[in-house]
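This report concerns only the one structure given below.
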Amino acid sequence: MARLSYLTLALGMVAFGGCTGGTAGGDDTAGTTGTAGTTGTDTTGTDSDGDTETGGDDTPEATALPIEILGPAGTVVAVRIDVPDDLADTPGAALALTVHNVVEAGAMFVVVGDAEPIDLGTPALHLLRPSGGHATASLALPEGTLRPGSNRVVFRYDREIRDVSGFRVLDLALVVGGQRLTTGLPADDPTTWTAPSTDANAVARGKQYFTEESRDGGPVCSRCHADDGADLAYFAFSNHSLIARAEHHLFSADESADIASYIRSLPVAAVGRVYDPPFQPGPTNVGGAGAGHGAVLSADDAVGAALFPDGFPDAPAWDIAASFDTATIAVPVDTPSWFRWLPRKIDATWFTRADGMLAAAEAALLSDGSLAAAREFQTAAMHVGKEILITTGDHAGRVELLRYAAVKLWDWQRRHGGFDGADNGFPDGGPAFPYEVGFAFFEAAFVNGLPDAMHQAYSWWIAQVAVNPGRGKTTGDRPLNWQDVLTVADSAGAGPWTLTYLHLVGSLEESQGALADDFGTDRGPVRLLAVPLRRVAGPVRAALLRRFLTREAEYLAGGGTLTSEHHVMLGNAWRDGCDGLTADERAELRELAPPEVATDLTACP
């Protein structure tokens, strides 16, 4: 009876129309209470100096960073930057921006003074992130744009995008004559935020709206989020962002304020930020909050400089990666922001397929909360996802289902132990849900089933690498298959130092524990050589081969044997990478190699 009642409840809360009934389902709307945008379709006017500027006198001005430009089409927010008299006419002025969630062209704009609007989604500006995320760029300004004194910069959300309520500006400055002129705005502090109302009745109504009611025919808010909305508190959704999104889903202004009051009442600290990707690796990584968007490296060379400040060793030990803390090693790729975790739709058939196994497993997850229940819930989501793919070929639907599962499992982790232990909230044998979402994208990439699928898989798998790269318990399927990791990294354009880092970690992971028995087969680390050998520069390429061949010799000296498939893979890897080695390096490596593999190293004489 419990299973039937839960299933009935689940079906009553979902709809095929997608996550359009939740407060923020599918929107990345975290930010500040003091920088809220205001609706306004009149985007031209006269300022106090009598000069015409885009934005109008009644355009609200930001009071803190980040600046939220969130709401319906026509939302505008302004900020002012002072320019000294002697710099106003300096040629080559630019606007430096860091933005979040510029996902399409023709929707998000900036206007500086009286200059023409700049479409932030123009691909050439390099701020566009179709899948969401942050970006930094410097935008050249036309001569004569700036004037002495106060210069107004206006941000506009001109065209509403499905599942997106706007964008935010994380940082901005005018760069003039080699000087960086800033707004002087303070960084907003979520610990200072207060609820629209602390009245118990308002909070109770907000909880009811969030967990039980929909205004637009979609699922209730809690289906796309943590069941109690804890993610909105944890990732610091501002009052304005909550209200704007609730109004988007047809809640009234008062109802939306009640929802925000409910979220503010939750006993959940604002640890993360929605614009900072969960589990982003970096030196300041904090639990599920990650290390912040600032930890994302701008260049691949920085990986090598950080890991090997004295240069890459000529003879790296096989266990060189044992000292690597993958949670704190920064890389030049964003992990998925919370916007990319939230499902875009919920399909009622998820909960009826396979005799309702997903609904039953979710009920157990909520009532039991054990590691076994979490594994069973993930297994159910994977089973139903595979069934969707087999019966309908719907890669997008499978991704949405696994996103849904990931959100619920993230919340399970938060409630049962948190993210700050040595296992980062991912106990050995626990559900590897970032991997599973990435794997759905990975399989979609081979049939062009989803746009940008390889990059998406790479991003999710970097999150998995950060929290649990295997710890010597990699099974070949979960947490990670390192051949697949290197494949997506290569396809997504990862640089040679990132590939080297991933190769070192992956080859160590896949030679430990039960996988040690596979070393001499085609399932062992030999299969991981191909990608770095064709992408990594000569001296490092030689060092990676030196490391592998030394380990190969140790394995054979200990009584190991090599399968014919192992020889094929080693021969292919050598052939793909030997032209990047000098003649002396090739000769030295052949001398180092055990006699058993001599015929595998004959290419590139």
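Read in order, the letters of the sequence shown correspond to residues -24 to -1, 1 to 581 in mature numbering (1 follows the signal peptide of the UniProt record, and there is no 0). C-beta atoms are modelled at their ideal positions from N, C-alpha and C, and glycine is treated no differently. Small disclaimer: the values here were computed from a predicted structure and weren't measured.
What is the rounded straight-line gap between the Cα of Leu96 and the Cα of Ala229? 30 Å
Rounded C-alpha distance that separates Met84 from Tyr133: 5 Å
Suppose the cutoff is 7 Å on Cβ atoms and the five residues either side in sequence are ignored; what does the same chain contact list for Ala337 look like? Glu352, Phe353, Ala356
Mind reading off the beta-carbon distance from Thr167 to Ala246? Whole number of angstroms is fine, and I expect it under 8 Å. 7 Å
Report buried or exposed for residue 588, applying the criterion of at least 16 other Cβ atoms within 10 angstroms of its Cβ. In the structure displayed, the chain extends from -24 to 581; residue 588 sits before or after that span and is not available.
CB contact check: Val464 to chain B, cutoff 7 Å: In the structure shown, chain B does not exist; there is a single protein chain.
Nearest candidate by alpha-carbon position, reference Ala420, set Gly405, Ala281, Gly469, Ile364: Ile364
Proximal residues to Glu231 (C-beta, below 6 Å), its chain only, five neighbours per side dropped: Tyr185
Helix, strand or coil: how does DSSP classify Phe131 here? strand
Compare the C-alpha of Asp560 against each of Glu572, Ala549, Cys580, His542 and name the closest. Cys580
Based on the DSSP output, what are the partners of Arg156 in its beta bridges? Val151
Using alpha carbons as the reference points, say which of Lys321, Val307, His359 lies closest to Ala330. His359
In terms of residues, what are the limits of the beta strand (DSSP E) holding Asp58? 51 to 59
If you draw a straight line from the alpha carbon of Val375 to that of Ala382, how long is it in whole angstroms? 10 Å
Simplified DSSP assignment, three categories, for Ser141: coil
When DSSP labels each residue in this structure, what does Gly266 get in the three-state scheme? strand
Identify every residue that forms a DSSP beta bridge with residue 668. Past the edges of the chain, shown from -24 to 581, lies residue 668, and the structure says nothing about it.
If distances are taken between C-alpha atoms only, which option among Tyr251, Asn261, Thr497 comes closest to Gly397? Asn261
What residue from Val502, Arg221, Ile94 has the CA that sits closest to Glu485's CA? Val502
Classification of Glu92 by the beta-carbon crowding that lies within 10 angstroms, buried from 16 upward: exposed
Can the beta-carbon of Val53 be found closer than 7 Å to that of Ile43? yes
Under 7 Å Cβ to Cβ from Ala64, same chain only, skipping five residues before and after it: list those, please. Leu122, Arg123, Pro124
Looking at Asn215 and Phe143, is the spacing between their C-beta atoms short of 7 Å? no
Proximity of Gly406 and Leu491 at Cβ, strictly below 7 Å: no
Identify every residue that forms a DSSP beta bridge with Ala421. BP columns for Ala421 are empty, so no partner.
For Ala278, I'd like the list of residues in its chain whose CB is within less than 6 Å of its CB, leaving aside the five on either flank, ordered along the chain. none
Report buried or exposed for Ile366, applying the criterion of at least 16 other Cβ atoms within 10 angstroms of its Cβ. exposed
Does the beta-carbon distance from Ala549 to Ala506 come in below 7 Å? yes
Tell me the rounded alpha-carbon separation between Asp494 and Pro571. 20 Å
Going by DSSP in three states, Phe213 sits in which element: helix, strand or coil? strand
Closest by C-alpha distance to Asp147, when choosing among Arg105, Ala209, His269: His269
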